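The listed protein sequences correspond, in order, to chains A and B.
Counting in the numbering used here, the first sequence runs from 1 upward without gaps.
Counting in the numbering used here, the second sequence runs from 1 upward without gaps.
For reference, the structure is listed below as structure tokens.
There are 2 protein chains.
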Amino acid sequence: MARGRASTFDAQREEILAQAARLFAAQGFVGTSMNEVAEACKLSKPTLYHYFRDKHELAMQICESHVARLAALVDEVKAEQLAPREQLRALIERFVREYGLAQDAHRVLTEDVKFLAEADRERLLDVQRSVVAAFADSLVAVRPELNASTLAKPLTMLLFGMINWMHTWLRPEGELGHETMAPLVADLFFGGIAAVQISGD
Amino acid sequence: MARGRASTFDAQREEILAQAARLFAAQGFVGTSMNEVAEACKLSKPTLYHYFRDKHELAMQICESHVARLAALVDEVKAEQLAPREQLRALIERFVREYGLAQDAHRVLTEDVKFLAEADRERLLDVQRSVVAAFADSLVAVRPELNASTLAKPLTMLLFGMINWMHTWLRPEGELGHETMAPLVADLFFGGIAAVQISGD
DNA sequence: CCTACCGATCGGTAGG
DNA sequence: CCTACCGATCGGTAGG
Chain A
1 MARGRASTFD AQREEILAQA ARLFAAQGFV GTSMNEVAEA CKLSKPTLYH YFRDKHELAM
61 QICESHVARL AALVDEVKAE QLAPREQLRA LIERFVREYG LAQDAHRVLT EDVKFLAEAD
121 RERLLDVQRS VVAAFADSLV AVRPELNAST LAKPLTMLLF GMINWMHTWL RPEGELGHET
181 MAPLVADLFF GGIAAVQISG D
Chain B
1 MARGRASTFD AQREEILAQA ARLFAAQGFV GTSMNEVAEA CKLSKPTLYH YFRDKHELAM
61 QICESHVARL AALVDEVKAE QLAPREQLRA LIERFVREYG LAQDAHRVLT EDVKFLAEAD
121 RERLLDVQRS VVAAFADSLV AVRPELNAST LAKPLTMLLF GMINWMHTWL RPEGELGHET
181 MAPLVADLFF GGIAAVQISG D
């Protein structure tokens, strides 16, 4: 049955992407050979090339589905029409949790995007820019004075720094998890943006 | 004269390290060939190997002098015997400025340390751990209630996230520089740590 | 300090 | 004629 075969094909693709993401995250894109990816999937290399055109397509698909999930998270929160503070808190907490689930893909996105073709890199960057813009908008809704200053973007990027850096020190097996960190990051950021000096005030 | 040759030797080593750091930061450790490093320095590859034993030594030296500078910054600030808030602010602001000057080395440290030998990696990690511990101590001096909780370390790492991530979005040629960001990061963090809930309070 | 190489391994593809 | 896959090997290049 064609249906069943297609779904096996898709499932195999997903398995390959998960193994490749794990290896790329641990050893880097260039530091991982297609032989290693194939071995991790218990496939021969030619079979691996049956599922993906080349090595770059692996990294591209990993990054693309990751940023698509992030953009979808933003849309979900926006659709809930929350009050400004609740919306920003929801964005922060859901991103922290999502990053906890997608640590490998996130590391590939941040470290290996430089090895992709110009066009692919730009497309991924555009999605990331729209996600950052949504956070900045939500921040301005909470503290409207930031609109007139140039601080909304930098403060948003400091927030992303806190979240993007967590994978380097938060061990999944540790007692402190992303679930516990999510409200802490939100509390810290809310306290912070209430305290920053706005020049011209 | 032996003296003169030695200083030329050292200057050439520094030049090679700077070029290597630039290339590793832009293309990754594995993605950069020793031929590229040699060409950037206008040296032949065998000449490059006259100054450094192998490729790993380049990355190791780049990382080692970077963490040594960070540890020295901590010692300098400690020696000034500032009041708790002023000490933490000084640590934050000087680290932001130092990272602005050492963006290449910092990127090599965070992305390529995984390619070093176990022993080298552990030695670098030990220095980094002592730097993080100094920040955590300074944070506890500002907010002593954190001592009893497990929050001092996570909050310190969120702070390092903000600082460590800045190189990805703060363009050196942009109007917004590390100099302007330094006090903003400090303000945001001080506001944040005053606001976080401590369980058990 | 150069040209000329090495053992090995890379990403990708041939025929069957 | 299709898919899914194999053993073997391609042309180039890596670090040394």
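By construction, the Cβ of each residue, glycine as well, lies at the ideal position given by its N, Cα and C atoms.
This structure is a prediction, so every number in the text was calculated from the model and none was measured.
In the DSSP annotation of this structure, the continuous segment of the alpha helix (DSSP H) that includes residue 180 of chain A starts and ends at 178-195. The residues 25, in chain order, have a CB closer than 6 Å to that of residue 107 of chain A in the same chain once the five nearest residues on each side in sequence are set aside.
Sequence-distant partners of residue 51 of chain B (beyond 5 residues in either direction) whose C-beta falls short of 7 Å from its own C-beta, in its chain, are 12, 13 and 16.
About 7 Å separates the Cβ atoms of residue 170 of chain A and residue 178 of chain A, confirming a contact at the 8 Å cut-off. In this structure, DSSP gives residue 84 of chain B a helical state, which the three-state scheme calls helix. For residue 34 of chain B, no chain A residue has a C-beta closer than 8 Å to its own C-beta; the minimum C-beta separation is roughly 14 Å. The beta-carbon distance between residue 43 of chain A and residue 32 of chain A, rounded to whole angstroms, is 15 Å. This is too long to meet the 8 Å contact definition.
At a cut-off of 7 Å between C-beta atoms, residue 157 of chain A counts as an interface residue with respect to chain B.
Taking a beta-carbon distance threshold of 7 Å, residue 196 of chain B counts as an interface residue toward chain A.
The beta carbon of residue 130 of chain B is closer than 6 Å to none in its chain, skipping five residues each way along the sequence. Non-local beta-carbon contacts of residue 162 of chain A in its own chain, meaning distances under 6 Å to residues more than five positions away in sequence, involve 185 in chain order.
Boundaries of the alpha helix (DSSP H) harbouring residue 154 of chain A: 152-165, taken from the DSSP string. Nearest to residue 157 of chain B by C-alpha distance, out of B/167, B/63, B/189 and B/175, is B/189. For residue 111 of chain A, the chain B residues whose Cβ falls inside 7 Å of its Cβ are 111, in order along the chain.
Judged by their CB atoms, residue 73 of chain B and residue 94 of chain B are nearer to each other than the 7 Å cut-off.
Within chain B, no residue has its CB atom less than 7 Å from the CB of residue 95 of chain A, the nearest being about 13 Å off.
A contact is defined here as three or more CB-CB pairs under 8 Å, and the segment 131-142 of chain B fails this definition with respect to the segment 135-147 of chain A. Cβ-Cβ separation between residue 128 of chain A and residue 67 of chain A: approximately 6 Å, consistent with a contact (criterion under 8 Å). Within chain A, the residues placing a beta-carbon under 9 Å from that of residue 184 of chain B are 151, 154, 155, 158, 196 and 197, ordered along the chain. The beta carbon of residue 85 of chain B lies closer than 8 Å to those of 142 and 190 in the same chain, with the five residues before and after it left out. In this structure, the beta-carbon distance from residue 149 of chain A to residue 193 of chain A does not fall below 7 Å. Where residue 47 of chain B is concerned, the enclosing alpha helix (DSSP H) starts and stops at 45-51. Using a CB distance cut-off of 7 Å, residue 162 of chain A counts as an interface residue toward chain B.
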